[in-house]
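Asker:
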DNA sequence: CCTTTGATGCGCTAGTAGGC
DNA sequence: GCCTACTAGCGCATCAAAGG
């Protein structure tokens, strides 16, 4: 996420604020980013307003929920009132499916897992407990929305669009600007990627349609549906965007590169791995500071520890650390259950299964 | 009726051209 | 150097026709 002058932007949101008080500061966790935010003149009166302010401040384009860290339990709870907050509290931004309002504990916002039966699907479960690490950047909990929400663009682009729309309504002149187009494509690709790394044709068409509906000046005069060019550009952009993320080491995409395919599978279209419906944590990165080798050592220790008694806490910790390894084995190597069981005996321990099912 | 086969279209990665 | 646009070569899913 880009750097952001939070306090300047917040000044624009005075309309949200009621009771003017002294500055209140928060530590805000967004995926792996940890930010600071200061409310100079008191807090928004409602949680919804608070979410809006945070979304604006941190350029979040998707629907979010808010959790706060309770000092008694030392754990996160869903925020139901800004009155629960005090200076220097920790807030956590969680992504929720559009239309779902979080009014209770976070576990109830998990995706539907009632039909999950395989080990692969079992491992896909997210959890707030200690078994699975905190959400990685690639986690997806939002299903593709019925109506795609067009995100906000850069300040320059928004200004150009505002003027462009006014001109379009006056005389029908479409807006064509390479820099505006580039910014729009980048933000749309980012927004689509928050739902899926591989948007299909109907999905891209829906995005293009939503774009020209929101910004009529982007409608293409010669196009049969007004946005076919945008559909094509989004297609190219999604592919180029994936290439870019690959270069940055995104594990979900790296697994589909020729280099990372097994011998004999090194063809572009062969054995492409995509997340399944309802799947989250598809291929999370290793925890900070961990490598394949270091985690392999942990796995070997885990196998040994699994044979001893009174080790639940240690196993929990080690299973948590090695979660990303198991995802790689399940997704990348299509391992047989028997072999998987041999490598990860603790996973099949009743205690661990209960933890996953919670 | 079921299975196999071939045609077709879509979408993937890697690589590249050309513009800025 | 980064971007969009494009191509080559390929795998995969789908579907209709052919064959047993």
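Numbering (UniProt numbering), first residue to last: 1 to 358.
Backbone N, C-alpha and C fix where the C-beta goes; we use that ideal spot for every residue, glycine too.
Predicted model, so just to flag it, every value in this text is computed and none were measured.
1. Specify the secondary structure class of residue 274 as computed by DSSP and reduced to three states.
2. Are the Cβ atoms of residue 302 and residue 269 separated by less than 7 Å?
3. Identify whether residue 25 lies in helix, strand or coil by the three-state DSSP scheme.
4. Please determine, among 307, 57 and 259, the residue with the shortest C-alpha to C-alpha distance to residue 342.
5. Would you mind reading off the limits of the alpha helix (DSSP H) that contains residue 206?
6. In the DSSP output, what is residue 90 paired with across the bridge?
7. Between residue 115 and the rest of its own chain, which residues show a CB-CB distance below 6 Å, the 5 nearest in sequence each way excluded?
8. If you follow the alpha helix (DSSP H) that residue 238 is part of, which residue opens it and which one closes it?
9. Tell whether a beta-carbon distance below 7 Å holds between residue 50 and residue 90.
10. So what's residue 168 in DSSP terms, helix, strand or just coil?
11. Strictly by DSSP, which residues pair up with residue 39?
12. Consult DSSP for residue 78 and reduce its assignment to one of helix, strand or coil.
13. Please check the pair residue 218 and residue 175, which I expect to be a contact at CB under 8 Å, by giving their CB distance rounded to whole angstroms.
14. From residue 309 to residue 315, what does the alpha carbon distance come to, in whole angstroms?
15. Taking only the alpha-carbon atoms, compute the straight-line gap between residue 169 and residue 180 and give it to the nearest angstrom.
16. Residue 229 to residue 195, Cα distance in whole Å?
17. Assuming residue 234 contacts residue 246 (C-beta within less than 8 Å), just tell me the rounded distance between them.
18. What residues are listed by DSSP as bridge partners for residue 65?
19. Is it a yes or a no for the stretch 147 to 164 touching the stretch 202 to 216, going by three-plus beta-carbon pairs under 8 Å?
20. Would you check if the distance between the CB atom of residue 205 and the CB atom of residue 231 is smaller than 7 Å?
21. Comparing alpha-carbon positions, which option in 165, 295 and 192 lies nearest residue 144?
22. Looking at the unbroken alpha helix (DSSP H) that takes in residue 314, where does it start and where does it end?
23. Out of 241, 271, 52 and 28, which one is the CA nearest neighbour of residue 68?
24. Near residue 165, which residues of its chain fall below 7 Å by C-beta distance, leaving aside the five closest residues on each side in sequence?
25. What separation, rounded to the nearest whole angstrom, lies between the Cα atoms of residue 92 and residue 48?
26. Check residue 250 in the structure and name its three-state DSSP category.
Answerer: This is what the structure holds:
1. Residue 274: coil per DSSP, three-state reduction.
2. Their beta carbons are not under 7 Å apart, which means residue 302 does not touch residue 269 by this criterion.
3. DSSP, read as helix, strand or coil, puts residue 25 in strand.
4. Comparing Cα-Cα distances from residue 342 to each of 307, 57 and 259, the minimum goes to 307.
5. 201 to 214 is the span of the alpha helix (DSSP H), which, as asked, contains residue 206.
6. Note: residue 90 sits in a beta bridge opposite 27.
7. Here the model assigns residue 115 a pLDDT of 33, short of 50, so the residue's position is not dependable and the matter cannot be decided.
8. Taken as a continuous stretch (DSSP letters only), the alpha helix (DSSP H) holding residue 238 covers 228 to 247.
9. Contact annotation: residue 50 and residue 90 have beta-carbon atoms that are not nearer than 7 Å.
10. In this structure, residue 168 counts as helix in the three-state DSSP scheme.
11. BP columns for residue 39 point to 24.
12. In the structure shown, residue 78 sits in a strand (DSSP, three-state: E or B).
13. About 6 Å separates the beta carbons of residue 218 and residue 175, which is inside the 8 Å limit, making them a contact pair.
14. Our two residues, residue 309 and residue 315, have alpha carbons roughly 11 Å apart in a direct line.
15. About 19 Å.
16. Taking the straight line from one Cα to the other gives about 22 Å.
17. With a Cβ gap of about 18 Å, residue 234 and residue 246 do not count as contacting.
18. DSSP lists 94 as partners of residue 65.
19. Counting Cβ pairs under 8 Å, three or more are found: they touch.
20. Contact: yes.
21. In terms of Cα proximity to residue 144, the closest of 165, 295 and 192 is 192.
22. 312 to 321 is the extent of the alpha helix (DSSP H) around residue 314.
23. Cα-wise, what sits closest to residue 68 is 28.
24. Answer for residue 165: 215, 216 and 217, listed in chain order.
25. So the alpha carbons of these two residues sit roughly 15 Å apart.
26. Coil at residue 250, not helix or strand.
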